[in-house]
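Protein chains in written order, with our numbering: chain A, 1 to 120; chain B, 121 to 240.
Number of protein chains: 2
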Amino acid sequence: MVIKNQDICQVKCINPGKIARTRRAMASEADCAGLAGIFKVLGDVTRVRMLQALSIQELCVCDLAAALDLNQSAVSHQLRLLRSARLVKYRKDGKVVYYSLDDDHVKTLFDQGLEHVQGG
Amino acid sequence: MVIKNQDICQVKCINPGKIARTRRAMASEADCAGLAGIFKVLGDVTRVRMLQALSIQELCVCDLAAALDLNQSAVSHQLRLLRSARLVKYRKDGKVVYYSLDDDHVKTLFDQGLEHVQGG
DNA sequence: GCTAAATATGAACATATGATCATATATTCA
DNA sequence: TGAATATATGATCATATGTTCATATTTAGC
């Protein structure tokens, strides 16, 4: 049998106590995945701008696209993501669909984020 | 001259007033990009788990990798991202490099995020 | 019912991203 | 100085992501 590199522990500085403690205190996989999920949705300039715009006032798809210089299809696709992340809600009025922020968590997150970006 | 579809305004529902107002109230491009930048960094399960672990206690690269069942290279690469986003800081002690959270914005963001995920 | 308008969706493509492997760079210690 | 250890970095590759074009769906008005 050939012993490959991978079979030999190459790292000697491991502190088992710390590792065990860390593992015990960690948030659940589900929570981590959930967190990463929202942040991923927020991690795109187009979507940030869309949410920014919607935080000012409710807008229909068409106005949203025009205000941000985006094409309708792109906006629609991104709105779907935002919807499934429950970041925006919508109401239909005839052919027109008006979108707005689903709650104010987004604003809070933005404020926190800006504080960090601006070196708070 | 051929008139292509793109040359004709296909959308009629645009509300110029709303658009102007939205544009005026929008955050700067730089701020939007900055926001998207941090959230992008936070938008990955591996990095969320790493930050989670570091929020519990300072850890060296090696322990961090072991605690999360990741290989050293992956952890190192991600730490670089976290460093350049100023989310973690480090101190060297001989060959060992200890990482920890750079500030507590991260915790605040995580709390806000979790509230959203858990349907707050 | 037909047409036009507003929005949504599917397919295709180019780019971005994360993991892995191999290797380079410290740093300690003999 | 040289071997061993801890970390960092570069290259590569598979996959994810965002945009665009084309088209489908829904609704209003004739």
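All C-beta atoms, glycine included, are put in the ideal place defined by N, C-alpha and C.
Being a predicted model, the structure only gives us computed values, none of them experimental.
- Using a Cβ-Cβ cut-off of 9 Å, B:H197 does not count as an interface residue toward chain A, since no Cβ of chain A sits closer than that to its own.
- Looking at A:G120, A:A85, A:E58, the one whose alpha-carbon comes closest to that of A:D93 is A:E58.
- Taking C-beta atoms as the reference points, A:K18 and B:D183 count as a pair closer than 9 Å.
- Taking 9 Å as the threshold, the shortest C-beta distance from A:L35 to chain B falls below it.
- In this structure, DSSP gives A:D102 a state outside helix and strand, which the three-state scheme calls coil.
- Assignment of B:D213 by DSSP, reduced to helix, strand and coil, places it in the strand class.
- Per DSSP, B:K138 is one residue of the alpha helix (DSSP H) stretching across 136-145.
- At the C-beta level, A:Q112 and B:C152 stay beyond 9 Å of one another.
- When the Cα atoms are used, A:L42 and A:A36 turn out to be separated by approximately 10 Å.
- Collapsing the DSSP output to three states places A:L70 in coil.
- B:R143 reaches chain A at A53, A67, L68, counting residues in chain order whose Cβ is nearer than 9 Å.
- Around A:V96, the same chain offers C60 as residues with beta carbons nearer than 6 Å, after the five sequence neighbours per side are excluded.
- The beta carbon of B:R167 sits closer than 9 Å to some beta carbon of chain A.
- Judged by their CB atoms, A:Q78 and A:D44 are nearer to each other than the 9 Å cut-off.
- As the crow flies, the alpha-carbon of A:L114 is around 13 Å from that of B:R206.
- In summary, the residues of the region 203-214 of chain B whose CB is separated from some CB of chain A by less than 9 Å are A205, R206, L207, in the order they occur in the chain.
- Nearest to B:A147 by alpha-carbon distance, out of A:S76, A:P16, A:F110, is A:F110.
- By the rule that beta-carbons nearer than 9 Å mark a contact, B:A194 does not touch chain A.
- The beta-carbon distance between B:K227 and B:S220, rounded to whole angstroms, is 12 Å. This is too long to meet the 8 Å contact definition.
- When Cβ-Cβ separations below 9 Å define contact, A:L81 makes no contact with chain B.
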